[in-house]
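First to last, the protein sequences are chains A and B. Counting along the first sequence from 1, when you hit position 338 you're at 338 in the numbering used here, and nothing is skipped either side. Just so we're on the same page, the numbering used here is the position in the second sequence counted from 1, plus 424. One structure is given here, and the rest of the page talks about it.
Protein chains: 2
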Amino acid sequence: MTTCCGINIPDDSDFSLSNLPLGVVSFQDAPPRCATILGNTVIDLSVLEEAGLFETVPGLSCNVFNQSTLNSFIEHPRPVWRAFRQRLHELFSQEQLSSPLCAAAFHNVQTVQCHLPVSIGDYTDFYSSREHATNVGIMFRGKDNALQPNWLHLPVGYHGRSSTVFVSGHDVVRPCGQLQKDAEDPNQGSVYGPCRLLDFELEMAAVVGGPPNTSGPLTMEQAKERVFGFVLMNDWSARDLQKWEYVPLGPFTAKNFATTISPWIVMTAALEPFTAPTSAGKQEDPVPLEYLQDPTYSSYDICLTVAIQSEVQTQPHTISTSNFKNMYWNPAQQLVHHAVSGCIMRAGDLLGSGTISGQTPDSYGSMLELSWKGSKEVNVGDEVRKFLKDGDTVVMRGHCQIPNGGRVGFGDCSGKVLPANTKL
Amino acid sequence: MTTCCGINIPDDSDFSLSNLPLGVVSFQDAPPRCATILGNTVIDLSVLEEAGLFETVPGLSCNVFNQSTLNSFIEHPRPVWRAFRQRLHELFSQEQLSSPLCAAAFHNVQTVQCHLPVSIGDYTDFYSSREHATNVGIMFRGKDNALQPNWLHLPVGYHGRSSTVFVSGHDVVRPCGQLQKDAEDPNQGSVYGPCRLLDFELEMAAVVGGPPNTSGPLTMEQAKERVFGFVLMNDWSARDLQKWEYVPLGPFTAKNFATTISPWIVMTAALEPFTAPTSAGKQEDPVPLEYLQDPTYSSYDICLTVAIQSEVQTQPHTISTSNFKNMYWNPAQQLVHHAVSGCIMRAGDLLGSGTISGQTPDSYGSMLELSWKGSKEVNVGDEVRKFLKDGDTVVMRGHCQIPNGGRVGFGDCSGKVLPANTKL
Ligand SMILES: [Ca+2]
Ligand SMILES: [Ca+2]
Ligand SMILES: [Mg+2]
Ligand SMILES: [Mg+2]
Ligand code: NI
């Protein structure tokens, strides 16, 4: 336990003084405001802003935190994020806040409601874990053609649905849709019904920051300056809907019903001490095309878990332990590739990493892989699962461990499965 | 020529009194405002609103037209759109506007700048012309497997990129990206370079209106009430980028560099007199699943053309003449299917129809089909094309003809191809 401005920070808190993530919260009936969190204390940044405490931050506009999204702040260029973060650290570490200010700005996390931290202009999902792509490839095409020919040459990605990105805690209704009538023969057509193979995908998402690239593509250097921070992400997936619909234009109703993200954006600066080689080692076979080459190719050592709690259980049971290092293409490479065609990237855009699977079966990031396409049962406490059941709550967590205590973590990314709505 | 409130409406104008489409324009340095258009006269709706002329419209909120997008207006439920449209018609047909009001509200179309009419939360593109899907299928998979097994059972669609939807007149830079090195052998990998097979896709897009369906899917009846109106759309496509990247998650950089729409949203009510059977006839083989059945299955008789004007030519040359009737799945079916999983549809969402190809080669909606994958030349005045060249301006037009004169049309959907930016 450490203490800071009268705030107690438990040793196992995701929100140490080294973190200072940003989010959007509301207190009772007040409108949503930008905030940070230390231990279990949420700090209303609009109060500190109004008190003039950020006036020394070079380049920071006025009234960016008394808003219902972080977009205005995130649109600033990276030097402003860095200077602001330093100022925030200084305010707390040097205990510069007066008691009346603390009283006005501090709230216990139990008393606030978290909202989506950004207005997401566009949400993109990648497919950048080699282990995940290989597992899916083996299941659907066999071992010899597991990876598609393009996979090692570019970060495969597709556009997702931004209207259904929800913040942690939002319930997820089991989707209905079209299911292939005969599992082996697509020519038999389809039936309408609730998804029977509901799944999660353990992902992280990068939040894009900075001004839009209206004049063309980004260089690798520019892309790195535009990765504002990260959240955990559950890309809920209806495997049976997906199987029937995805050829040739990709997943659609199988994915667009819900995506859940954790509420606090951990800034890239907070993750830099945890820079680590990717589990893929180097990208030498093949070497990526020049525009995709990252001279400091690496990832972050972020320990990730997925747990399930059924309706009759009293706590979540961990079913997978993975790590963000298990990514072949990193967020800067994803962003460069996204913009290579001239695509405009705006502050608040969300880039899902793709399912984060490691090499061992206990590190797979989806039920599809953990149950190996439903061929085996996965232990969830004293129950078993192949896919998700109604009433299951899926809880994803992630953190970086600071060597001498303390954490930089993400808080929960959780959602409960509600029964299908079959009114149609 | 007819005259209305002192406005001359040429007989061949897209914007007769039967149309009254909505858009967003700016005059000199003033901020963008909502507007309608009659002949060549743009009418600033915020001026009429401020004069209290819409106060009799039941349910219409205040200050919806002095905004830079139509979203506030479009979020109203359908009865409000209808009552507003009726009021607008009444104001002009009964010549109820005073001279000072006309002076304040009327602008020659040459003096205004058009903007995107809506803020697009999410943009989706479908693939709903049977002829187009069949043509593409024959080219890439042969005649026997032309249509994928799911195609006749659901409107195939995918999520697109909303950040690069531009209004007519915006230049389109030829995209760069990854191209398969050897056309026959994907295992040889890729090279970086400018797209060589740049294409257009002739489409229309439905604009979603009404309040979001936060409580679940839409019925067919509800979906119909949420189609606010239509624009023309050019879904610019880089065929070589697409070929290399699209398996298994769909097109990405091949599409996300630009999509162009026409500036004026023609309301569904204005198109209803032009309701027509689809060229597919009935959907009997197979009959769609119940949720996709439209008891009044039909389309609109909208004549569509695509023309190209090269940099040295003085006018556009028509290369394709198609019709919106050439769609197998209609917008209500697309919307119902989009939301079947519970996907939330918001006012301003854009639903591209998919390339609109008819049965004859002169009605194909893309260069890919017109040049049959580059195997033959397409005449463009005294030049020829297989795909688009730098300097080409692509102009799409569409209109419904009123039997005794006058039109309900869309104005131009045009864009000029600029040379690639190869700075990377
Ligand atoms: Ca995913
Ligand atoms: Ca298209
Ligand atoms: Mg998702
Ligand atoms: Mg497009
Ligand atoms: Ni750990």
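Glycine residues also receive a C-beta, built at the ideal position from the N, C-alpha and C atoms.
Cutoff 8 Å: residue i Cβ touching any chain E Cβ
i          : result
Phe-252(A) : Although the question refers to chain E, the structure presented lacks it and instead comprises the protein chains A and B.
Exposed unless 16 or more other CB atoms sit within 10 angstroms - verdict on residue i
i          : result
Gln-309(A) : buried
Arg-239(A) : buried
Thr-692(B) : buried
Phe-564(B) : exposed
Asp-773(B) : buried
Lys-706(B) : exposed
Lys-648(B) : buried
Glu-669(B) : buried
Lys-810(B) : buried
Thr-355(A) : buried
Lys-255(A) : buried
Val-136(A) : buried
Best match in the options for proximity to residue i [C-alpha to C-alpha]
i          : options                                           : result
Cys-34(A)  : Ser-26(A), Leu-91(A) and Leu-202(A)               : Ser-26(A)
Asp-285(A) : His-76(A), Phe-15(A), Ala-103(A) and Pro-149(A)   : Pro-149(A)
Leu-446(B) : Asp-659(B), Ile-498(B) and Phe-478(B)             : Ile-498(B)
Tyr-426(B) : Gln-707(B), Leu-462(B), Gln-452(B) and Arg-565(B) : Here residue 426(B) is Thr; the residue named in the question, Tyr, does not match the sequence. It is Leu-462(B).
Glu-272(A) : Phe-257(A), Phe-140(A), Lys-181(A) and Ser-298(A) : Ser-298(A)
Arg-509(B) : Thr-493(B), Cys-767(B) and Leu-441(B)             : Leu-441(B)
Thr-588(B) : Val-448(B), Ser-661(B) and Val-819(B)             : Ser-661(B)
Asp-725(B) : Ala-507(B), Gln-452(B) and Asn-750(B)             : Asn-750(B)
Ala-420(A) : Ser-744(B), Ser-639(B) and Ser-787(B)             : Ser-639(B)
Ser-68(A)  : Ala-30(A), Gly-160(A), Val-227(A) and Glu-50(A)   : Ala-30(A)
Asp-122(A) : Val-112(A), His-159(A) and Ser-366(A)             : His-159(A)
Gln-604(B) : Pro-194(A), Leu-335(A) and Leu-154(A)             : Leu-154(A)
Ala-629(B) : Phe-654(B), Ser-614(B) and Thr-643(B)             : Phe-654(B)
Glu-50(A)  : Asn-40(A), Pro-288(A), Cys-62(A) and Gly-352(A)   : Cys-62(A)
Val-488(B) : Asp-549(B), Ala-527(B), Val-448(B) and Val-580(B) : Val-448(B)
His-76(A)  : Asn-187(A), Gly-142(A) and Val-208(A)             : Val-208(A)
Asn-108(A) : Asn-40(A), Arg-78(A) and Arg-397(A)               : Asn-40(A)
Ile-344(A) : Val-596(B), Phe-439(B) and Thr-548(B)             : Val-596(B)
Ser-262(A) : Pro-117(A), Leu-335(A), Gln-178(A) and Val-380(A) : Pro-117(A)
Gln-602(B) : Pro-456(B), Arg-511(B) and Arg-620(B)             : Arg-620(B)
Residue i Cβ short of 7 Å to ligand 2 heavy atom set
i          : result
Asp-549(B) : yes
Minimum Cβ-Cβ distance from residue i to chain A less than 8 Å
i          : result
Arg-663(B) : no
Trp-668(B) : yes
Thr-558(B) : no
His-594(B) : no
His-741(B) : no
Pro-456(B) : no
Val-597(B) : yes
Arg-585(B) : yes
Glu-714(B) : yes
8 Å Cβ cutoff, residue i in contact with chain B
i          : result
Ser-72(A)  : no
Ile-344(A) : yes
Pro-286(A) : yes
Phe-257(A) : yes
Glu-203(A) : no
Leu-60(A)  : no
Asp-392(A) : no
Pro-248(A) : yes
Glu-221(A) : no
Gly-462(A) : With chain A running from 1 to 424 in the structure shown, residue 462(A) is simply not present.
Asp-235(A) : no
Asn-154(A) : It is Leu, not Asn, that sits at residue 154(A) in the sequence shown. Yes, because at least one Cβ of chain B sits closer than 8 Å to the Cβ of Leu-154(A).
Cys-176(A) : yes
heavy atom of ligand 1 below 7 Å from residue i C-beta
i          : result
Gly-354(A) : yes
Asp-235(A) : yes
Glu-555(B) : no
Glu-201(A) : yes
Any non-hydrogen atom of ligand 7 within 7 Å of residue i CB
i          : result
Arg-346(A) : Among the ligands in the structure shown, ligand 7 does not appear; only ligand 1, ligand 2, ligand 3, ligand 4 and ligand 5 can be found there.
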